[in-house]
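A.B. asks: Top to bottom, those sequences are chains A and B. Heads up: the first sequence begins at 2 in the numbering used here, then just goes up one per residue. Heads up: the second sequence begins at 67 in the numbering used here, then just goes up one per residue.
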Amino acid sequence: GDSVTQMEGPVTLSEEAFLTINCTYTATGYPSLFWYVQYPGEGLQLLLKATKADDKGSNKGFEATYRKETTSFHLEKGSVQVSDSAVYFCALSDRLSQNFVFGPGTRLSVLP
Amino acid sequence: KAGVTQTPRYLIKTRGQQVTLSCSPISGHRSVSWYQQTPGQGLQFLFEYFSETQRNKGNFPGRFSGRQFSNSRSEMNVSTLELGDSALYLCASRADINTEAFFGQGTRLTVV
Numbered sequence: 002g003d004s005v006t007q008m009e010g011p012v013t014l015s016e017e018a019f020l021t022i023n024c025t026y027t028a029t030g031y032p033s034l035f036w037y038v039q040y041p042g043e044g045l046q047l048l049l050k051a052t053k054a055d056d057k058g059s060n061k062g063f064e065a066t067y068r069k070e071t072t073s074f075h076l077e078k079g080s081v082q083v084s085d086s087a088v089y090f091c092a093l094s095d096r097l098s099q100n101f102v103f104g105p106g107t108r109l110s111v112l113p
Numbered sequence: 067k068a069g070v071t072q073t074p075r076y077l078i079k080t081r082g083q084q085v086t087l088s089c090s091p092i093s094g095h096r097s098v099s100w101y102q103q104t105p106g107q108g109l110q111f112l113f114e115y116f117s118e119t120q121r122n123k124g125n126f127p128g129r130f131s132g133r134q135f136s137n138s139r140s141e142m143n144v145s146t147l148e149l150g151d152s153a154l155y156l157c158a159s160r161a162d163i164n165t166e167a168f169f170g171q172g173t174r175l176t177v178v
């Protein structure tokens, strides 16, 4: 079945540090991949997406590349800010099974 | 274009009562999904409706039910509330099965 695995959190970084949050997936077909972000007290917001292999999604300085060979979609940012503190969810939408599946989320705390 | 609207934002109920939550999707979106989010269990899928039909269901007891109307608005009902039902309930809408999901702000339910 479809599943998404993310690195365990919490992740604590200093401001301006480099961020990587690992995400790997298992899918029946050829999924679209997403990263969502949830700030305290709010719903999830779409951060970026990629719909096919080798696509790179990017938004607000965050990037992730769809790697079919390693079934991965790792989230990266070159220089994090305190305002990036949130929970990040990796997700997939499988065209074959028509499932939309979320990972468990990774909490990021950025210290000034 | 208005986003996903959930009402009410906050709710306090007593054990044994029932509750109905409402979700208005983005105009033109036909799919509505519901999720329960708690600190201990994370984000858990409840069910998805597409064009008024329940398309997928998560592993929740029958006390949790939902429906979707012809205008795509959806309601979720929880009967015989238990303390463990206290959670943030999130609704998400999608234009179609294989597109990204957009989330509402959530309804914070507290059962006392």
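Glycine residues also receive a C-beta, built at the ideal position from the N, C-alpha and C atoms. None of these values were measured; they are calculated from a predicted model.
1. Go ahead and pull the three-state DSSP assignment for residue 150 (chain B).
2. Beta-carbon of residue 68 (chain B) versus every beta-carbon of chain A: anything under 8 Å?
3. Around the Cβ of residue 97 (chain A), are there at least 16 other Cβ atoms within 10 angstroms (buried) or fewer (exposed)?
4. Based on the DSSP output, what are the partners of residue 74 (chain A) in its beta bridges?
5. Which value, in whole angstroms, describes the spacing of the CA atoms of residue 194 (chain B) and residue 65 (chain A)?
6. Does the distance from the CB of residue 38 (chain A) to the CB of residue 87 (chain A) come in under 8 Å?
7. Looking at residue 154 (chain B) and residue 17 (chain B), is the spacing between their C-beta atoms short of 8 Å?
8. Please report how far the alpha carbon of residue 26 (chain A) lies from the alpha carbon of residue 171 (chain B), in whole angstroms.
9. Three-state secondary structure (DSSP) at residue 83 (chain A)?
10. In angstroms with no decimal places, state the Cα-to-Cα distance between residue 83 (chain A) and residue 82 (chain B).
11. What runs of the beta strand (DSSP E), each 3 residues or longer, lie entirely inside the segment 123-170 of chain B?
12. Classify residue 108 (chain B) as helix, strand or coil using the three-state DSSP reduction.
13. So with CB distances below 9 Å, who are the chain B contacts of residue 50 (chain A)?
14. Evaluate residue 117 (chain B) with the Cβ neighbour count: other Cβ atoms within 10 Å of its Cβ, from every protein chain shown; 16 or more gives buried, anything less gives exposed.
15. Return the chain-ordered list of same chain residues with a C-beta closer than 8 Å to the C-beta of residue 112 (chain A), the five sequence neighbours on each side being excluded.
16. Measure the Cβ-Cβ separation of residue 109 (chain B) and residue 115 (chain B) and say whether it is below 8 Å.
17. Under 8 Å between C-beta atoms, does residue 106 (chain A) make it to chain B?
18. Does the beta-carbon of residue 75 (chain B) have 16 or more other beta-carbons within 10 angstroms, so that it is buried, or is it exposed?
19. What is the residue span of the beta strand (DSSP E) that residue 154 (chain A) lies within?
20. Within a Cβ cutoff of 7 Å, which residues of the same chain sit near residue 59 (chain A), ignoring the five residues on either side of it in sequence?
21. Rounded to the nearest angstrom, what separates residue 23 (chain A) and residue 146 (chain B) at their Cα positions?
C.D. replies: In brief:
1. For the purposes of this step, residue 150 (chain B) is identified with residue 84 of the second sequence, where counting begins at 1. In the structure shown, residue 150 (chain B) sits in a helix (DSSP, three-state: H, G or I).
2. Indexing the second sequence from 1 puts residue 68 (chain B) at position 2. Judged by the 8 Å Cβ criterion, residue 68 (chain B) is not in contact with chain A.
3. For the purposes of this step, residue 97 (chain A) is identified with residue 96 of the first sequence, where counting begins at 1. So residue 97 (chain A) ends up on the exposed side.
4. Position 73 of the first sequence, counted from the start, is the residue given in the question as residue 74 (chain A). DSSP, once it has assigned bridges, lists no residue as partnering residue 74 (chain A).
5. The question about residue 194 (chain B) has no answer here: the residues shown for chain B are numbered 67 through 178.
6. Within the first sequence, numbered from 1, the residue matching residue 38 (chain A) stands at position 37. Within the first sequence, numbered from 1, the residue matching residue 87 (chain A) stands at position 86. Between residue 38 (chain A) and residue 87 (chain A), the CB-CB gap stays under 8 Å.
7. Not covered by the structure: residue 17 (chain B). The range shown for chain B is 67 to 178.
8. Along the first sequence, one-based indexing puts residue 26 (chain A) at 25. Along the second sequence, one-based indexing puts residue 171 (chain B) at 105. C-alpha of residue 26 (chain A) to C-alpha of residue 171 (chain B): approximately 27 Å in a straight line.
9. Here residue 83 (chain A) is taken as the residue at index 82 of the first sequence, counted from 1. For residue 83 (chain A), the three-state secondary structure derived from DSSP is helix.
10. The residue labelled residue 83 (chain A) in the question sits at position 82 within the first sequence. The residue labelled residue 82 (chain B) in the question sits at position 16 within the second sequence. Those two C-alpha atoms are separated by around 42 Å.
11. List check, beta strand (DSSP E) in window: 130-134, 140-144, 153-160.
12. As a working mapping, residue 108 (chain B) is identified with position 42 in the second sequence. Correct three-state label for residue 108 (chain B): strand.
13. Taking the first sequence and counting its residues from 1, one reaches residue 50 (chain A) at position 49. For residue 50 (chain A), the C-beta contacts it makes with chain B under 9 Å involve 166, in order along the chain.
14. Translated into positions along the second sequence, residue 117 (chain B) becomes position 51. Residue 117 (chain B) is exposed by the Cβ-count criterion.
15. Within the first sequence, residue 112 (chain A) is the residue found at index 111, counting from 1. Counting only Cβ-Cβ distances below 8 Å, and skipping sequence neighbours, we find 13, 14, 15, 16, 83.
16. Within the second sequence, numbered from 1, the residue matching residue 109 (chain B) stands at position 43. Within the second sequence, numbered from 1, the residue matching residue 115 (chain B) stands at position 49. Contact flag unset, no.
17. Numbered from its first residue, the first sequence carries residue 106 (chain A) at position 105. Yes, contact with chain B.
18. Translated into the one-based positions of the second sequence, residue 75 (chain B) becomes position 9. Exposed: under 16 other Cβ atoms inside 10 Å.
19. Nothing about residue 154 (chain A) can be read from this structure; chain A reaches only from 2 to 113.
20. Along the first sequence, one-based indexing puts residue 59 (chain A) at 58. Excluding the 5 residues flanking it on each side, residue 59 (chain A) has same chain C-beta neighbours closer than 7 Å at 49, in chain order.
21. Position 22 of the first sequence, counted from the start, is the residue given in the question as residue 23 (chain A). Position 80 of the second sequence, counted from the start, is the residue given in the question as residue 146 (chain B). Rounded to whole angstroms, residue 23 (chain A) to residue 146 (chain B) spans 40 Å at the Cα level.
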